[in-house]
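Undergrad:
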Amino acid sequence: MIIIGEKINGTIPGVKKAIQEKDEAYIRDLAIRQTEAGAHYLDICASTKPEIEAETLVWLMNIVQDAVDTPLCIDSPNPRVIEQVFKYAKKPGLINSVSEEGEKCEIIYPVIQGTDWQVIALTCDNRGIPSDVQTRVEITKVLVEKAAKYDITPGRIHVDPLVMALSADNRSLLNFVESLNTIKSLYPTIKVTSGLSNISFGMPLRKIVNQHFLTIAAFVGMDSAIMDPCNRDMYTTLLATEALLGRDRFCRNFSNAYRKNKIGPVRVD
Ligand code: THG
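No gaps in the numbering here: position 33 of the sequence shown is 120 in this note's numbering, and each next residue is one more.
In structure tokens, the structure reads:
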């Protein structure tokens, strides 16, 4: 599983405060801790008011890149902001995200044309987030076809089918699985991603529900997850699931992580 560390996000109160107080050490610590916990990419989301979003993102990106070598996942709802800050990334990473809303593809795809950058593609459009599988698949087709015009192959696209809250839509997980299967049958090399926390919105014991979502999603072939790798229960769920799915030879990662007197977890790819 490709882990996209979610903790540098201005919607989290501690991060919001660090941004306001220009607390570099706080951000640096989050970058180091997530990297040491096994993150392959670090999501960077400013979530400030629009006037200062770009400068805040650049500030965050510089701190993170001075602290760790982990590639970035640049997270903004505004494609013009991504376009502006892109040049401050020191190595190729992930763009979060394009969708069929507005001119997102037309702005972002040319920026990553001819690079090794990958992109998260949300299955939503100007009508909003679809609740059915068919519309998700149709939007994916358009996003992939538009990408091809800029030589962006399906292998560089992580489709995020935007899982709904299970408490609002009883078929949320089942629709996610069906979307993943249909999208992968159309484009075998495409990647599927998801945040882990939306599914449990409005439920008690959210973290337990999120962990079980991760297990099922990994089982059906989700490629990447936007998650908190520093959350021990979530990371343990991931290691146990990888072992159960035969992706951890001799259960070495799992054993190294949790047998007494052993060093901490090694990365799971
Ligand atoms: N898809 C895509 N991008 C996304 C999301 C998605 N970006 C934003 C969001 N969803 C994913 N990021 C977060 C960041 C923080 C939290 C949830 C989602 C969060 N964090 C708590 C904290 O750090 O305090 C608790 C974390 C924990 O312990 O599990 O809630 O869906 N493409």
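For every residue, glycine included, the Cβ atom is placed at its ideal position computed from N, Cα and C.
DSSP state of I90, grouped into three classes?
TA: In this structure, DSSP gives I90 an extended state, which the three-state scheme calls strand.
Undergrad: I believe C211 touches E188 by the beta-carbon criterion, under 8 Å. Please report the beta-carbon distance rounded to the nearest angstrom.
TA: Between the beta-carbon of C211 and that of E188 there is about 6 Å, and that keeps the pair under the 8 Å contact cut.
Undergrad: Kindly list the residues whose CB is nearer than 7 Å to the CB of I194, restricted to its own chain and excluding five residues on each side of it in sequence; keep chain order.
TA: P166, R167 and E170
Undergrad: Measuring only from the beta carbon, is L261 closer than 7 Å to any heavy atom that is part of ligand 1?
TA: no
Undergrad: Ignore the nearest five residues each way along the sequence and tell me which others in S184's own chain have a CB closer than 6 Å to its CB.
TA: I207 and L209
Undergrad: Leaving out five residues on either side along the sequence, give the residues of the same chain with a beta carbon under 6 Å from the beta carbon of W146.
TA: none
Undergrad: Verify the contact flag: E111, CB atom, against every heavy atom of ligand 1, threshold strictly below 7 Å.
TA: No, since every heavy atom of ligand 1 falls outside the 7 Å radius drawn around the Cβ of E111.
Undergrad: With H, G and I counted as helix, E and B as strand and the rest as coil, what does DSSP make of L249?
TA: coil
Undergrad: I need the DSSP call for T157, collapsed to helix, strand or coil.
TA: coil
Undergrad: Leaving out the 5 sequence neighbours to the left and right, which residues in its chain are closer than 6 Å to K191 when beta-carbon positions are compared?
TA: P166 and V185
Undergrad: Looking only at DSSP bridge pairs, what is D238 linked to?
TA: DSSP output for D238 lists no bridge partner at all.
Undergrad: Nearest CA to the CA of G242: which residue from A252, K271 and I91?
TA: K271
Undergrad: Report all residues from its chain with a CB closer than 8 Å to the CB of T202; omit the five preceding and five following residues, and keep chain order.
TA: Here the set comprises P179.
Undergrad: Among the candidates T135, Q152 and L332, whose CA atom is the shortest distance from the CA of L117?
TA: Nearest option by C-alpha distance: Q152.
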